[in-house]
Amino acid sequence: MHKYIGKSMHRKEDYRLLTGTGMFVGDISLTNMAEAVFVRSPHAHAKIVDINIEAAKAIEGVYGIFTAKDIEDIKPLTQFESHCFLPPNLVEAISPTINFNYEDILAKKKVTYVGQSVAIVVAKNRYIAEDAADLVEVTYEPLQPLVDPYEARKKGAPLIQEHLENNIQSHFHVTTGNVEQAFAEADYIMNEKIRTPRLGSNPLETRGVVAKFDTRNQELRVWSSSQMPYEIRSTLAHCLSLPDLSIRVTAPDVGGGFGPKGGVHPEEIVIPYLAKKLQRPIKWVEDRMEHLTSARQSRDQIHDVKVSFKQDGTITAIKDFFVIDSGAVNFFALTCAYNSAYHLRGAYKIPNYDSECEVILTNKTPNVPFRGAGRPEVVFVMDRIIDIVARKLKVDPIEIMKKNMIQAEDMPYDQGILVKDGHQLIYDSGDYPDALRKAVDLVDYDAFRKEQEEKKKEGKLVGIGISSYVEGTGAGPYEGAHISIDPSGHVTAYLGCTPQGQGHETVFSQIAADGLGVNPQNITVRVGETTVLPMGQGTYASRSAVNAGSAIYEAALKMREKVLKIAAHLLKTDEDLVIDEGKIYAETSPEKFVTYQDVGRAALPAKLGNLPEGMEASLEVTHYFAPPTVTFAASIHMAQVEVDKETGFVDLQKYSVVHDCGTVINPMIVDGQVQGGIAQGIGSALYEEIVYDQTGQLLTGTYMDYLLPTSMEVPTVAKAHQEFKSTRNRLGIKGVGEGGAIAPPAAIANAIVDALHPLEIKTNDLPISPNKLRTWIKEAEASFQALQTN
Amino acid sequence: MILSGQVKMKKNYKDVWDALHNPQILEKAIPGCKSLVLKEDGTYDVEMKLGIASVKGDYKGNVKLEDIEAPVHYQLIAEGSGKPGFVKAKMDCYITAVDEEKCEVKWECDAEVGGMIAGVGSRVMSGVAKFIAGNFFKDVEKQITLQKA
Numbered sequence: 000m001h002k003y004i005g006k007s008m009h010r011k012e013d014y015r016l017l018t019g020t021g022m023f024v025g026d027i028s029l030t031n032m033a034e035a036v037f038v039r040s041p042h043a044h045a046k047i048v049d050i051n052i053e054a055a056k057a058i059e060g061v062y063g064i065f066t067a068k069d070i071e072d073i074k075p076l077t078q079f080e081s082h083c084f085l086p087p088n089l090v091e092a093i094s095p096t097i098n099f100n101y102e103d104i105l106a107k108k109k110v111t112y113v114g115q116s117v118a119i120v121v122a123k124n125r126y127i128a129e130d131a132a133d134l135v136e137v138t139y140e141p142l143q144p145l146v147d148p149y150e151a152r153k154k155g156a157p158l159i160q161e162h163l164e165n166n167i168q169s170h171f172h173v174t175t176g177n178v179e180q181a182f183a184e185a186d187y188i189m190n191e192k193i194r195t196p197r198l199g200s201n202p203l204e205t206r207g208v209v210a211k212f213d214t215r216n217q218e219l220r221v222w223s224s225s226q227m228p229y230e231i232r233s234t235l236a237h238c239l240s241l242p243d244l245s246i247r248v249t250a251p252d253v254g255g256g257f258g259p260k261g262g263v264h265p266e267e268i269v270i271p272y273l274a275k276k277l278q279r280p281i282k283w284v285e286d287r288m289e290h291l292t293s294a295r296q297s298r299d300q301i302h303d304v305k306v307s308f309k310q311d312g313t314i315t316a317i318k319d320f321f322v323i324d325s326g327a328v329n330f331f332a333l334t335c336a337y338n339s340a341y342h343l344r345g346a347y348k349i350p351n352y353d354s355e356c357e358v359i360l361t362n363k364t365p366n367v368p369f370r371g372a373g374r375p376e377v378v379f380v381m382d383r384i385i386d387i388v389a390r391k392l393k394v395d396p397i398e399i400m401k402k403n404m405i406q407a408e409d410m411p412y413d414q415g416i417l418v419k420d421g422h423q424l425i426y427d428s429g430d431y432p433d434a435l436r437k438a439v440d441l442v443d444y445d446a447f448r449k450e451q452e453e454k455k456k457e458g459k460l461v462g463i464g465i466s467s468y469v470e471g472t473g474a475g476p477y478e479g480a481h482i483s484i485d486p487s488g489h490v491t492a493y494l495g496c497t498p499q500g501q502g503h504e505t506v507f508s509q510i511a512a513d514g515l516g517v518n519p520q521n522i523t524v525r526v527g528e529t530t531v532l533p534m535g536q537g538t539y540a541s542r543s544a545v546n547a548g549s550a551i552y553e554a555a556l557k558m559r560e561k562v563l564k565i566a567a568h569l570l571k572t573d574e575d576l577v578i579d580e581g582k583i584y585a586e587t588s589p590e591k592f593v594t595y596q597d598v599g600r601a602a603l604p605a606k607l608g609n610l611p612e613g614m615e616a617s618l619e620v621t622h623y624f625a626p627p628t629v630t631f632a633a634s635i636h637m638a639q640v641e642v643d644k645e646t647g648f649v650d651l652q653k654y655s656v657v658h659d660c661g662t663v664i665n666p667m668i669v670d671g672q673v674q675g676g677i678a679q680g681i682g683s684a685l686y687e688e689i690v691y692d693q694t695g696q697l698l699t700g701t702y703m704d705y706l707l708p709t710s711m712e713v714p715t716v717a718k719a720h721q722e723f724k725s726t727r728n729r730l731g732i733k734g735v736g737e738g739g740a741i742a743p744p745a746a747i748a749n750a751i752v753d754a755l756h757p758l759e760i761k762t763n764d765l766p767i768s769p770n771k772l773r774t775w776i777k778e779a780e781a782s783f784q785a786l787q788t789n
Numbered sequence: 000m001i002l003s004g005q006v007k008m009k010k011n012y013k014d015v016w017d018a019l020h021n022p023q024i025l026e027k028a029i030p031g032c033k034s035l036v037l038k039e040d041g042t043y044d045v046e047m048k049l050g051i052a053s054v055k056g057d058y059k060g061n062v063k064l065e066d067i068e069a070p071v072h073y074q075l076i077a078e079g080s081g082k083p084g085f086v087k088a089k090m091d092c093y094i095t096a097v098d099e100e101k102c103e104v105k106w107e108c109d110a111e112v113g114g115m116i117a118g119v120g121s122r123v124m125s126g127v128a129k130f131i132a133g134n135f136f137k138d139v140e141k142q143i144t145l146q147k148a
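Sequence lines, in order, name chains A and B.
Going by numbering that gives the first Met the number 0, the first residue of the first sequence is number 0, and it counts up by one from there.
Going by numbering that gives the first Met the number 0, the first residue of the second sequence is number 0, and it counts up by one from there.
Here it is in structure tokens:
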């Protein structure tokens, strides 16, 4: 039925991106533009005693040096309300505490993490600004740094946000069934501590802001490498006390975001503020070391789980207490925290579930959502549990998965708690056992098991690990689209969600093309600019295809109706009309047609056009789509590894995925999303970890220390698809952006356990680096030997 | 972080002790030392310029020497900061006579570093410290020779 939805069309964006003719923030240059450099704290927790800018100010070409006292009229950054709202029924169900917390745009009395901005230098160019920043002398009086969240949560610990009573910024408790009764009736109980470390998102393009105050329009123009230009607009309006529409924010080409470019950073407030104050355009582009230190980070969860199960492998209850180390500020309230709680059970029926969470402040860079946003952490927990239960019962993990999986006939399946939007957590569609079967076929599981036996005899420690997830995608509240057809017949579509490389211009033109009956080449999609639509949200949380895709489709259908009416008027016919490749005709006489150009001209006002009686001129349609709730994508991941027992090195030999994202708009782009997500998932499984020392100093300030997987470590993923349409939007779309990153840690961790079996190790702490794995192997060998000798 | 090293010097241990307490010699021997001023309270104000990769930059700070057991053991307490971050260090320095013309200097340092020095430099810190110390003691030796000449 669709002509373009479902086709692997080449990306419209690629020509400019591959020929170096895209436009990123770094490419922007304006007349009289100054450049800015930030002076950042080298301390994790310290009082600011004095800031001496005299020597720095004296350098020729310095236009100004500003500290907190110079910008007292800017309000601090607080939590992003549009992401933090909890509906009353959820509040009743989970009794949340969310304490007010904030970050000053430039640190005032004290600094609370290494890399926090203390002063900003604006100068003729970057060189002068850097030289001047070197001369800014800040005197600090060190305070006790808090690095360990368990220490930070203790009563009497020094306060990071001094107006609070303690460092527990948020808390909630969600429960369904009766875990205690299940524990009492269980055959087995186990307790595990399972940890996902702090990660960075490391986009190819670092952050960057250019701002200019347009004196003619009294308009503040901002260009930022952002996922959410509308959030920047509303936050700027709040912090600077300006009307929203006096601010125009553009996210030009953006080289990756993955979450941390979703919130508003202090730099995105102070650069525009100073551009207005100094009446001069200002540019700031973050350097890579600055990015690793000051750009917001993510994950960092520790789960203490208690699990009960029966001899037949049925998992009867999970009780989880987890902490999130949020760093110095929590800008997103329960976003990651509650995502974790409501996603933990994934594809499994576990009727008794209890989850309690504390979000704890420490002296680290603030923690925000990153691709998966609380899901990779709990999928790691859940699938480690599956693996541990299987090994305890001496059965293949697949048997435990099957035993506990939600069946196709159970759909729509109610997990007994609420989604963060207050809707009941009901999976809309999917067939997880079928996905598992497909994955088993994809890797030829039984053949692998036979081969594995042979290989292990030869000393080759190969293993296979599985993980699955069910992900609530396409979160609201809404996304909009505006479609405009000009007298040439060309279609321009405007969207409020802004891309960071996902291919919005391509996929949304495919959708609009099917809605309008035109070729995608006749559609221009404009995104990344707050003036294209009055309201918008942004691209994050696997939501754009669902929300903006539905918005543009609904807008296209509305537009189609008007186009058909005008065409009928022009063709002087009452027959039903069809539209194909921009030609509109009655099926009985295809030779007699009008084009979009004819319709576009006919829609001109007054006597210039030719409209049916009473119809309004112009072809302009806006639609805002609000999903009823999230829609559930799902996936099975299988990792095959070989472990070198002597060195602890893990060779990821094969990676396979079966996934369901409902209607696929562009299979090539979906495959790219899955492959790219898995690359980040492999990083978090084996390589990546942000490390702070006990004084809160960042030890992973370069890519020598923060290891990213390269193309050498990322195999081409074998993929198989399911297409269970969402029941929550007309096109049946589910999100796919984050999925790839969610399951690799568990799949790889389980594969390593499998490779080393019968040696009993637990890979409950990421990343599984060679030194960590060697330690686990040595410990397991020692206890194995102790068993032999006793 | 704990850093340590040792160096053999072809000088009498007392000469070495004296040299390590002599501001003129120290100023010449400390790598990148731009100025070293002894203040009335016995501390030195120091300005240094280091040119080694991740710790490159200008530093200002102060150093205090405390003699634990002259002429064989003293403690150096230093604090400094610059664009790349800050350093706080407490170093024990032991001088042992090998014979009349030779001695051995052992140093053990407990250093706290912050900012870019930690984020970028920690993996090379012990190498950098050894390199700086090596140059320093070589130059101290040279200065003693020059002074005696």
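Think of the CB as a built atom: it goes at the ideal place given N, C-alpha and C, for glycine as much as any other residue.
Just so we're clear, the structure is a prediction, and the values are computed from it rather than from any experiment.
If you run the structure through DSSP and keep just helix, strand and coil, what is Val388(A)?
Mapped onto the first sequence, residue 388(A) falls at position 389. Reduced to three states, the DSSP call for Val388(A) is helix.
Are the Cβ atoms of Tyr493(A) and Val531(A) separated by less than 7 Å?
If you number the first sequence from 1, residue 493(A) lands on position 494. If you number the first sequence from 1, residue 531(A) lands on position 532. Yes, they are a contact pair.
Give, in chain order, every residue of the region 685-714 of chain A whose Cβ lies closer than 8 Å to some Cβ of chain C.
Included in the structure are the protein chains A and B, with no chain C among them.
What are the boundary residues of the alpha helix (DSSP H) that includes Lys101(B)?
Counting from one through the second sequence, the residue named residue 101(B) turns up at place 102. It is not in any alpha helix (DSSP H) - Lys101(B) instead sits in the beta strand (DSSP E) that spans Lys101 to Gly113.
Pick helix, strand or coil for Val110(A), following the three-state DSSP scheme.
Mapped onto the first sequence, residue 110(A) falls at position 111. Note: Val110(A) maps to strand in three-state DSSP.
Quickly, what does DSSP pair Glu102(A) with across the bridge? List them, please.
Position 103 of the first sequence holds residue 102(A). Beta-bridge pairing links Glu102(A) to Leu76(A).
Between Val263(A) and Thr529(A), is the Cβ-Cβ spacing less than 7 Å?
Here residue 263(A) refers to the residue found at position 264 of the first sequence. Here residue 529(A) refers to the residue found at position 530 of the first sequence. Cβ atoms of Val263(A) and Thr529(A): not closer than 7 Å.
Counting C-beta neighbours from all protein chains within 10 Å, is the total for Ile158(B) 16 or more, i.e. buried, or is it exposed?
Outside the displayed span of chain B (0 to 148) sits residue 158(B), for which this structure offers no information.
Are the Cβ atoms of Ile314(A) and Glu267(A) separated by less than 7 Å?
The residue you call residue 314(A) lines up with position 315 of the first sequence. The residue you call residue 267(A) lines up with position 268 of the first sequence. Going by C-beta atoms, Ile314(A) is not nearer than 7 Å to Glu267(A).
Please determine, among Arg39(A), Val598(A) and Asp243(A), the residue with the shortest C-alpha to C-alpha distance to Asp485(A).
If you number the first sequence from 1, residue 485(A) lands on position 486. Residue Val598(A) is the option with its Cα nearest to Asp485(A).
Report the residue from Ile522(A), Tyr139(A) and Ile167(A) whose alpha carbon sits nearest the alpha carbon of Ala151(A).
Sequence index remark: in the first sequence, residue 151(A) carries index 152 (1-based). It is Ile167(A) whose Cα lies nearest to the Cα of Ala151(A).
Expressed to the nearest angstrom, what Euclidean distance is found between the alpha-carbon atoms of Ala407(A) and Asp430(A)?
For the purposes of this step, residue 407(A) is taken as residue 408 along the first sequence, with counting starting at 1. For the purposes of this step, residue 430(A) is taken as residue 431 along the first sequence, with counting starting at 1. So the alpha carbons of these two residues sit roughly 5 Å apart.
How about Thr174(A): is its C-beta nearer than 7 Å to some C-beta of chain B?
What you label residue 174(A) is simply residue 175 of the first sequence in a count that begins at 1. No - not a single Cβ of chain B is within 7 Å of the one on Thr174(A).
Between Val72(B) and the rest of its own chain, which residues show a CB-CB distance below 6 Å, the 5 nearest in sequence each way excluded?
Here the question's residue 72(B) lines up with position 73 in the second sequence. The amino acid occupying residue 72(B) in the given sequence is His; Val does not appear at that position. Excluding residues within five positions, the ones whose Cβ falls inside 6 Å are Tyr93.
For Glu111(B), go through chain A and note every residue whose CB falls closer than 7 Å to its CB, in chain order.
Residue numbering aside, residue 111(B) sits at position 112 when the second sequence is read from its first letter. What Glu111(B) touches in chain A: Thr694.
Can you list, in chain order, the residues of the region 26-43 of chain A whose Cβ is nearer than 7 Å to any Cβ on chain B?
Here the close residues are Pro41 and His42.
Could you name the residues of the same chain whose beta carbon sits closer than 7 Å to that of Lys56(A), not counting the 5 residues immediately before and after it, in chain order?
In the first sequence, counting from the first residue as 1, residue 56(A) sits at position 57. If we look at Lys56(A) and ignore the five residues flanking it on each side, its Cβ neighbours are Ile64.
Taking C-beta pairs closer than 8 Å, name the residues in chain A that Glu119(B) reaches, listed in chain order.
If you number the second sequence from 1, residue 119(B) lands on position 120. First, the amino acid is wrong: residue 119(B) is Val here, not Glu. Per Cβ cutoff of 8 Å: Met288, Gly700 and Thr701.
Whole-angstrom Cβ separation of Val209(A) and Val61(A), contact assumed at under 8 Å?
Here residue 209(A) refers to the residue found at position 210 when the first sequence is read from its first residue. Here residue 61(A) refers to the residue found at position 62 when the first sequence is read from its first residue. Val209(A) to Val61(A), Cβ: 19 Å. No contact.
Along the region 361-388 of chain A, where does the CB come closer than 7 Å to a CB of chain B? Name the residues.
Under the 7 Å Cβ criterion, the region 361-388 of chain A contributes no residue.
Would you call Ser28(A) buried or exposed, if buried means 16 or more other Cβ atoms sit within 10 Å of its Cβ?
As a working mapping, residue 28(A) is identified with position 29 in the first sequence. Its Cβ having fewer than 16 others within 10 Å, Ser28(A) is exposed.
Mapping the DSSP letters down to three states, classify Tyr468(A) as helix, strand or coil.
The residue you call residue 468(A) lines up with position 469 of the first sequence. Correct three-state label for Tyr468(A): strand.
For the beta strand (DSSP E) holding Phe135(B), just list the boundary residues, first then last.
Indexing the second sequence from 1 puts residue 135(B) at position 136. First-last for Phe135(B): Met124 to Lys147, but that is the alpha helix (DSSP H), not the beta strand (DSSP E).
So the candidates are Met22(A), Glu129(A) and Arg525(A); which of them puts its Cα closest to the Cα of Glu59(A)?
Within the first sequence, residue 59(A) is the residue found at index 60, counting from 1. Closest by alpha carbon: Glu129(A).
Quick one: Cα of Val716(A) to Cα of His9(A), how far?
In the first sequence, residue 716(A) corresponds to position 717, counting from 1. In the first sequence, residue 9(A) corresponds to position 10, counting from 1. Straight-line Cα distance between these residues: approximately 20 Å.
Give me the residue from Glu91(A), Asp252(A) and Arg542(A) with the minimum Cα distance to Leu17(A).
Position 18 of the first sequence, counted from the start, is the residue given in the question as residue 17(A). Closest option to Leu17(A), Cα to Cα, is Asp252(A).
Of all Cβ atoms in chain B, is any one closer than 7 Å to the Cβ of Thr292(A)?
As a first step, residue 292(A) must be located in the first sequence, where it is residue number 293. It does: the Cβ of Thr292(A) has a partner Cβ on chain B nearer than 7 Å.
When we look at the beta-carbon of Phe212(A) and count the other beta-carbons within 10 Å, is it buried (16 or more) or exposed?
Residue mapping note: residue 212(A) aligns to position 213 of the first sequence, counting from 1. That one is buried.
If you reduce the DSSP assignment to three classes, tell me which class Glu71(A) lands in.
The residue you call residue 71(A) lines up with position 72 of the first sequence. Coil, per DSSP.
Which residues in chain B sit within 9 Å of Asp133(A), going by Cβ to Cβ distance?
As a position in the first sequence, residue 133(A) is number 134, starting the count at 1. Here the neighbours are Gly56, Asp57, Gly81 and Lys82.
Which residues, in chain order, does the region 82-96 of chain B contribute to contact with chain A at a C-beta distance below 7 Å?
Hits within the stretch, in order: Lys82, Gly84 and Phe85.
For Leu790(A), which beta-bridge partners are listed by DSSP?
For chain A, the structure presents residues 0 to 789; residue 790(A) sits outside this window and is missing.
Taking 8 Å as the cut-off, does the region 690-707 of chain A touch the region 587-597 of chain A (at least 3 CB pairs, one atom from each stretch)?
These segments do not touch.
Taking the DSSP output, what are the residues bridged to Val38(A)?
Residue mapping note: residue 38(A) aligns to position 39 of the first sequence, counting from 1. BP columns for Val38(A) point to Ala118(A).
I need the straight-line Cα distance from Met47(B) to Ser80(B), nearest angstrom please.
As a working note, residue 47(B) is residue 48 in the second sequence. As a working note, residue 80(B) is residue 81 in the second sequence. So the two alpha carbons sit approximately 10 Å from each other.
Determine the chain B residues that contact Val61(A) at a beta-carbon separation under 7 Å, and present them in chain order.
The residue labelled residue 61(A) in the question sits at position 62 within the first sequence. By Cβ distance, chain B contributes nothing, its closest Cβ being about 16 Å from Val61(A), past 7 Å.
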